[in-house]
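Below, the structure written as structure tokens:
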């Protein structure tokens, strides 16, 4: 028999090879049933399986070793934020703990472990977290591979760790200061283990189906043991046991649930009951919800590695959703105090940055992640996160408009208040994120809800955070490192971009005063940008400017004593790419800068470094290749028509898809400065939200050239294909409340763009020619067509304009 839905799903991929060989390739019949499996170094690699209320983190062999560094060694296990539920659980057959799994599979919405047989019993574990429930469901398939009926005990040994996501190991107070001993009891009414902590409403419940029958096969709950010593002093352990009978050659399924609540027992009992009510249906719903994401921005890429990374990026982004109840907002002042809360919210809903150590809400991370979210049509997720950032920032920072940096799921604010220096970049990045979502979605609420906050924030950024009034805000940027001057290049360019975005948003709001102010500010800064930042001898923009005096907005910054003007500093940080990422660099300066950034000084065999060889705060470089840095380079290259180089950086990221968990894009890549299999308590994120930026956004917005202006019901489709991608096709692209289909093809000197324009939209259709090419002839739907050529940073964009709903084919022949 088929024990539950997942068996049928995985049957389609059962014959697929391991990752050490060629991964299972999508086909018209099975591409929706994507799975990725491995049997390599399972004990050294981590996984996460997540819902929006709970998740589980362990190693690919099915174990739960100590991992993470925020709460050192305690970031794994089962979480239902804002609290952790279990540190570990262990499964046993006939009193024998299951050996390490020998095969691990990632699939849309769940993971699967295959274990070696124990006394003739083969076990498969399928784990997932239903969205909307603070619970993790564990499905066990028990198969009797022997030639006789077997009766045996099956048990789960659960060890609790009821702690909140904050405080951490290095804060005041510390994790240990507030961590109290757990207690465990057995509740016969639910045949479950109930873990609690005195004085707290925190509760975890572990239970399962009390009786499962299938013909002569059965699993009957037989008892519990709570008189067990826990591995660590403040933990509690308990065991549940079922007596199982399975006839020869057949199998039986048993579902277990780990449910939790930070508000009380009532919720946890309700959650467990709901979770065990039709778990197969819940798994089926979870899988179908994940697979539905593939229908949005459904792209066909002739490279399997990039195709897989693009598709799995959609799942990774969905796995980041995070909803918590009753967070208490308090300012911890970088973890130095623990004051009473200043507000309590009913709930927060947004997305986390990464697992296991960044599962909460961030300003900068969230704003970068909006770009891939809109490109794959996940508008609601982006909207919820931006609303969360605005609401909590207003609660903490009042009317300043400054965006918070880090909001833990407990509600604790670690960094980013108006009383703290930096990070200055995220106030600007928030404005761009809102503008980007608004352009793609056309949702007036996105603009209306955030507009006043953005106006206040950009005034604050360009006044209170620009004490020397030179136009460049002071304060920390993305690279929080010693030796930098008070003014950072990423803060500068993101500020200019944000002001440009505000010009557009103010026009839509008929706010002429703000539009004029922002426009004048942009022009003033652009007039000075090259003079203030370009370093001809380095062929790079300065990564910071040192002032001749200290400033309270960045007190640790390097001071150029005795200088009479700005002092340009160059420490070879990755932020050197941001002037090109934002299209602020002139074409000539970009070309010179790219020659250095693409060299071995900045770019290694696996990606773009944090700081180039000989750079960084110590002058020894920081040769960790990072997904964000590499993403920024992919976008930067695309802005200047360097799509072959952009593809190179996108493929660096795609190549990491199976580095640790199959199907997860990590934060850092194996590189001279980082061992991706180093100690679990030092390792970077196994899955990171912004890592999809450099895979998804270049493909949709540059290679296919899709740029919506949904508020005005316009869309531009002007592709530019890399040599390594002679064709690209996409359908289901969300633009406003419609969907668009497009394709691009290159055959010698003939460039073809096909677009299905949705109802209610006007389109511009074209192609961006490679450098040196000129137009020979242009045809639209087989007929010679009038066209215009726009000279842009990408090169010569040949376009035809003014097309309503319908199907169009533009063919540009070049010479």
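Residue numbers (my numbering): 258 to 1072. Cβ coordinates follow ideal geometry from the N, Cα and C atoms, glycine included.
Residue 321 carries a coil assignment under DSSP once its states are collapsed to helix, strand and coil.
By the C-beta density criterion, residue 818 is exposed, having fewer than 16 other C-beta atoms within 10 angstroms. Between residue 592 and residue 671, the beta carbon gap of about 6 Å places them in contact (Cβ cut-off 8 Å). Taking a 10 Å sphere around the C-beta of residue 750, we find 16 or more other C-beta atoms and assign the residue as buried. Scanning its chain for C-beta atoms nearer than 6 Å, with the 5 sequence neighbours on each side dropped, one finds around residue 428 the residues 592, in chain order. Contact fails between the region 375-383 and the region 311-318, because fewer than three Cβ pairs, one in each stretch, are under 8 Å apart.
Residue range 636-654 is occupied by the alpha helix (DSSP H) that includes residue 649.
Comparing alpha carbon positions, the residue from 851, 596, 645 and 665 closest to residue 617 is 665. In the three-state reduction of the DSSP assignment, residue 792 falls in the strand class, which pools E and B. The alpha-carbon separation between residue 1009 and residue 999 amounts to approximately 11 Å. Here DSSP, grouped into helix, strand and coil, assigns residue 1053 to strand.
Leaving aside the five residues that flank residue 868 on each side, the residues in its chain whose CB is nearer than 6 Å to its CB run, in chain order, 829, 830, 878 and 879. Within a 10 Å sphere around the beta-carbon of residue 806 sit fewer than 16 other beta-carbons, which makes this residue exposed. As the crow flies, the alpha-carbon of residue 833 is around 29 Å from that of residue 772. Annotation for residue 614: no beta strand (DSSP E) segment contains it, and DSSP assigns it neither H nor E. Counting every other CB atom within 10 Å of its CB across the protein chains shown gives residue 780 a total below 16, marking it as exposed. If only complete runs of 3 or more residues are kept, the region 308-359 shows the beta strand (DSSP E) at 312-316, 334-337 and 340-350, in order along the chain. It is roughly 16 Å from the alpha-carbon of residue 680 to the alpha-carbon of residue 713.
Rounded to the nearest angstrom, the gap between the Cα atoms of residue 540 and residue 547 is 11 Å. Rounded to the nearest angstrom, the gap between the Cα atoms of residue 979 and residue 900 is 5 Å. Look at residue 390 here: in three-state DSSP terms it is coil, with no helix or strand label. According to the DSSP assignment, residue 702 belongs to no beta strand (DSSP E) but to the alpha helix (DSSP H) extending over 701-718. In the assembly as shown, residue 1064 is an exposed residue. Its beta-carbon has fewer than 16 other beta-carbons within 10 Å. Spanning the alpha carbons of residue 840 and residue 489 requires a straight line of approximately 54 Å. Bounds of any alpha helix (DSSP H) do not take in residue 1002; it lies within the beta strand (DSSP E) bounded by 995-1004. A straight-line Cα-Cα distance of about 29 Å links residue 444 and residue 356. Nearest in C-alpha terms to residue 604, of all of 622, 580, 612 and 625, is 580. Judged by their CB atoms, residue 484 and residue 452 are not nearer to each other than the 9 Å cut-off.
Here residue 293 is buried, its C-beta having at least 16 other C-beta atoms within 10 Å.
Note that the C-beta distance between residue 922 and residue 884 is below 9 Å. Contact check between the region 962-972 and the region 693-702: three or more CB pairs, one atom from each, fall below 8 Å, which counts as touching.
Per DSSP, reduced to three states, the secondary structure at residue 675 is coil, with no helix or strand assignment. Under the three-state reduction of DSSP output, residue 625 falls in the helix class.
With distances taken between CA atoms, residue 643 lies nearest to 694 out of 613, 668 and 694. A Cβ-Cβ separation of about 20 Å leaves residue 678 out of contact with residue 596 under the 8 Å criterion. Under the DSSP assignment, residue 725 falls outside any alpha helix (DSSP H); it carries neither an H nor an E label.
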